[in-house]
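Report on the structure given below.
Protein chains in written order, with our numbering: chain B, 44 to 316; chain L, 12 to 192; chain F, 15 to 391.
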């Protein structure tokens, strides 16, 4: 039987705003499958986003949804989670929203290890505003504001998350659709701040400026660069040149989770009265 | 309406803001008067010039800052130089005699004794110099009773330091009475 | 039984007022001269099961309280000038998404870092015009420690009643000075609860105007699911660009406050009955003004004071009436003429508006005001 996505899509809210060939819809379907697999309750689940194409995702999903201001998803979500620790809190957004304007909130959510899952759709570009370079645009690539090639070095979102203290970090791609829900399921199940970076494509504002002839070519690139962490173990540094590791990149279960730690603060405060 | 203005001044870290707070608390919580305490300080947590002002009145206090000061405590030369200008004619000036050597000209009732050294040698801890000074200010100004001021002191310090502060307050009070006799 | 009394700073009183109002979430970032609020909340909130979080920056603090409010909490943040500037975008978010919250902003010298420990009243315009776009604005300017306590409670009430951010803006003098405060008993002061939905989750719409201009707000995690956005939205919370809906919703958001000015605006009239000269003042400056008015009266000058307690919405009606019967208005304020502009607007040229503007970090003293009172002929 085919999977029933409609159960999780708000009636009357489709079609979505995403361009033909954009991978955000693939990620949304992965998220929906994950939510269904985990049997999440809609009323007990909040999907929170910032601003940008990817951040429009919450509008389509039938649960508690919060489309905040540019870059602020993690900070709003922290408020939701602290006030209602029993809720499942999932953040979605793009690379510019999450690592540029929202970079500070991102690293501090990682540091606190607050039990939320952040799905970052990294398409290397600010799509909604027409294709300006983001902190994830590769050096030398073209964007509407890097007409002579991007002079900036880019972020490695996964390394940034690990360095900042996130306790579950995974990476997938929009090409590897069947892996997305599995990574998200594991991320949501993880007690702590989990980050799932999905390498994505933006044919409209990134592909055409960087000589990708078609969406298929962009998807093929995702297929070619992705190397599962297990497979990478058997490869030489030379073979890994230009490749991107996918799968669960980092996981640890020692660091305390933030809302649980705050519950202890409450206990200590009440005892001190 | 009676309006009595006190200023506690010195260097940041000397505890003068605390002394001002306790004086105001004594007046407003224990003496049944009204009091307002305010302060101003620089960016330094320690050092720099610091002042704490207390207005005591029988009725409501509108302007919360000093207009003409009735009694001034100066714990450093810098504070004495800086904050004497609006001390009223005949006003009380209490200084630490070791630290304030150049006294201002003017018709003031000047009382001086080695406040910090009293704390160090007679009480045993330099850290309570502000309470020694407070005891002296209470004695000199007569705005709150000795009993009420002591209550305010003891309700403002950690339990482990109650005896130390009681002693500091008492010695300060006595020294000022002796010095102004 | 006698009531509990304490000798507190304005900032400490603000925190205790918030607790009385049922605040159970505080998000903040350290900034002089408001930090005492955060310190007290960090001690007291967990004792009652509430949550305190120190966020990574001012914007994050504002975001966290909005998120927590949507999850059903009564929320507070405290800040000062530079932090208020940083929070402005999200204050606008709170206005358009109609999220109750209280922003306690201590006015220090500015712009920028300015004078962190010096008093000022130069954020009052920022309270209304700081964020972009048309939006409602409520701003309270207390003048004593006791009033700071009470006005924070009123701010929570107004924010719940009108489903909008409310600001409390003491100047640094009020925030840091200490006075005796008498705590009200539980139940003595009104505490307004959030208007919760009466319809089933299936029927619920977060901006359902069939319930009036202030629709009930459900909480995330309470059995209701809905969408919230900073985009112009329809009654069901989803974005729209339909001209007639956007126009109607924008007008409703502003009308929530404009149509209820008499419920929101508070002021004090002091010796105004026969006054020839009125000193209009707010915050700590009103204390200097009262002193000056008393001295003027002793000298036979018919002076009075109109004390603004609610700065926004501005007491237009009252000032217009005053302008029709006095010879002059004196406005002392610790800025270069902000309230003064509003007074000139209300006076409509009928009487002179004489300003005393001070931005040197020193309070305006009674003598300055007395001198200006005497200039009114």
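Ideal placement from N, C-alpha and C gives every residue a C-beta, glycine not left out.
Out of curiosity, what's the CA-to-CA distance linking residue i and residue j?
i, j, result
"residue 18 (chain L)", "residue 31 (chain L)", "8 angstroms"
"residue 128 (chain L)", "residue 54 (chain F)", "35 angstroms"
"residue 143 (chain L)", "residue 172 (chain L)", "14 angstroms"
"residue 138 (chain F)", "residue 157 (chain B)", "36 angstroms"
"residue 64 (chain B)", "residue 245 (chain B)", "8 angstroms"
"residue 117 (chain B)", "residue 92 (chain B)", "8 angstroms"
"residue 155 (chain L)", "residue 126 (chain F)", "43 angstroms"
"residue 92 (chain L)", "residue 188 (chain L)", "25 angstroms"
"residue 59 (chain F)", "residue 330 (chain F)", "38 angstroms"
"residue 152 (chain B)", "residue 53 (chain B)", "29 angstroms"
"residue 193 (chain L)", "residue 364 (chain F)", "Here chain L comprises residues numbered 12 to 192, so residue 193 (chain L) is not present and cannot be evaluated."
"residue 301 (chain B)", "residue 155 (chain B)", "6 angstroms"
"residue 23 (chain F)", "residue 47 (chain L)", "10 angstroms"
"residue 130 (chain L)", "residue 137 (chain L)", "5 angstroms"
"residue 41 (chain L)", "residue 349 (chain F)", "38 angstroms"
"residue 379 (chain F)", "residue 83 (chain F)", "41 angstroms"
"residue 316 (chain B)", "residue 61 (chain F)", "7 angstroms"
"residue 76 (chain F)", "residue 42 (chain F)", "8 angstroms"
"residue 191 (chain B)", "residue 214 (chain F)", "57 angstroms"
Are residue i and residue j touching if we call contact CB-CB under 9 angstroms?
i, j, result
"residue 249 (chain B)", "residue 168 (chain B)", "yes"
"residue 219 (chain B)", "residue 160 (chain B)", "no"
"residue 50 (chain B)", "residue 103 (chain B)", "no"
"residue 390 (chain F)", "residue 332 (chain F)", "no"
"residue 170 (chain B)", "residue 146 (chain B)", "no"
"residue 32 (chain F)", "residue 40 (chain F)", "yes"
"residue 213 (chain B)", "residue 201 (chain B)", "yes"
"residue 197 (chain F)", "residue 316 (chain F)", "no"
"residue 36 (chain F)", "residue 170 (chain F)", "yes"
"residue 176 (chain B)", "residue 165 (chain B)", "no"
"residue 109 (chain B)", "residue 241 (chain F)", "yes"
"residue 209 (chain F)", "residue 111 (chain F)", "no"
"residue 126 (chain L)", "residue 107 (chain L)", "yes"
"residue 288 (chain F)", "residue 314 (chain F)", "no"
"residue 158 (chain L)", "residue 180 (chain L)", "no"
"residue 194 (chain F)", "residue 160 (chain F)", "yes"
"residue 134 (chain L)", "residue 175 (chain L)", "yes"
Hey, is residue i's beta-carbon within less than 9 angstroms of any beta-carbon in chain A?
i, result
"residue 133 (chain B)", "Any reference to chain A falls outside this structure, whose protein chains are B, L and F."
For residue i, report the span of its alpha helix (DSSP H) as first-last.
i, result
"residue 276 (chain F)", "275 to 278"
"residue 62 (chain B)", "Premise fails: residue 62 (chain B) is in no alpha helix (DSSP H) and is neither H nor E."
"residue 73 (chain F)", "72 to 84"
"residue 388 (chain F)", "380 to 389"
"residue 125 (chain B)", "116 to 126"
"residue 299 (chain F)", "299 to 312"
"residue 110 (chain F)", "95 to 111"
Name the one or two DSSP bridge partners that residue i has.
i, result
"residue 121 (chain F)", "F:185"
"residue 107 (chain B)", "B:89"
"residue 67 (chain F)", "F:41"
"residue 128 (chain L)", "Its beta-bridge partners do not exist; DSSP assigns none."
"residue 107 (chain L)", "L:124"
"residue 60 (chain L)", "L:22"
"residue 193 (chain L)", "Because chain L in this structure spans residues 12 to 192, residue 193 (chain L) falls outside the shown range and cannot be described."
"residue 14 (chain F)", "For chain F, the structure presents residues 15 to 391; residue 14 (chain F) sits outside this window and is missing."
"residue 241 (chain F)", "B:108"
"residue 166 (chain B)", "Its beta-bridge partners do not exist; DSSP assigns none."
I'd like the span of the beta strand (DSSP E) that includes residue i, first residue to last.
i, result
"residue 89 (chain B)", "88 to 92"
"residue 205 (chain F)", "Per DSSP, residue 205 (chain F) belongs to no beta strand (DSSP E) and is neither H nor E."
"residue 20 (chain F)", "19 to 23"
"residue 82 (chain L)", "80 to 85"
query = Taking a cut of 9 angstroms between CB atoms, which residues from the segment 217 to 248 of chain F lie near chain B?
reply = Those residues of the segment 217 to 248 of chain F that come within reach of chain B (Cβ to Cβ, closer than 9 angstroms) are 233, 234, 235, 236, 237, 238, 239, 240, 241, 242, 243, 244 and 245.
ask   = Between the segment 158 to 187 of chain B and chain F, which residues of the former have a C-beta closer than 8 angstroms to a C-beta of the latter?
value = Here the close residues number zero.
ask   = Mind listing which residues of the segment 32 to 47 of chain L have their C-beta closer than 8 angstroms to chain F's C-betas, in chain order?
value = Those residues of the segment 32 to 47 of chain L that come within reach of chain F (Cβ to Cβ, closer than 8 angstroms) are 32, 35, 36, 39, 40, 45, 46 and 47.
key: Residues of the segment 109 to 136 of chain F whose Cβ lies closer than 7 angstroms to any Cβ of chain B, in chain order   = Against chain B - using a Cβ distance shorter than 7 angstroms - the segment 109 to 136 of chain F contributes no residues.
request  = Could you list the residues in the segment 292 to 318 of chain F with a C-beta less than 7 angstroms from some C-beta on chain L, going in chain order?
outcome  = Of all residues in the segment 292 to 318 of chain F, the ones placed with a Cβ closer than 7 angstroms to any Cβ belonging to chain L are 298, 301, 302, 304 and 305, in chain order.
query = What are the residues of the segment 177 to 195 of chain F that lie near chain L, defined by any Cβ-Cβ distance shorter than 8 angstroms?
reply = Here the close residues are 187, 190, 191, 192, 193 and 194.
inquiry  = Under 8 angstroms, CB to CB, which of the residues in the segment 75 to 88 of chain L have a partner in chain F?
reply    = Flagged, chain order: 75, 76 and 78.
Under 7 angstroms (Cβ pairs) to chain B, residues found in the segment 51 to 83 of chain F = When CB distances to chain B are screened at a threshold of 7 angstroms, the residues of the segment 51 to 83 of chain F falling below it are 60, 61, 63, 65, 67, 69, 70, 71, 73, 74, 77, 78, 79, 80, 81 and 82, in chain order.
query = Between the segment 219 to 237 of chain B and chain F, which residues of the former have a C-beta closer than 8 angstroms to a C-beta of the latter?
reply = Listed in sequence order: no entries.
task = Could you run through the segment 337 to 348 of chain F and flag, in chain order, every residue whose CB is less than 7 angstroms away from some CB of chain L?
result = The segment 337 to 348 of chain F vs chain L, Cβ under 7 angstroms: nothing.
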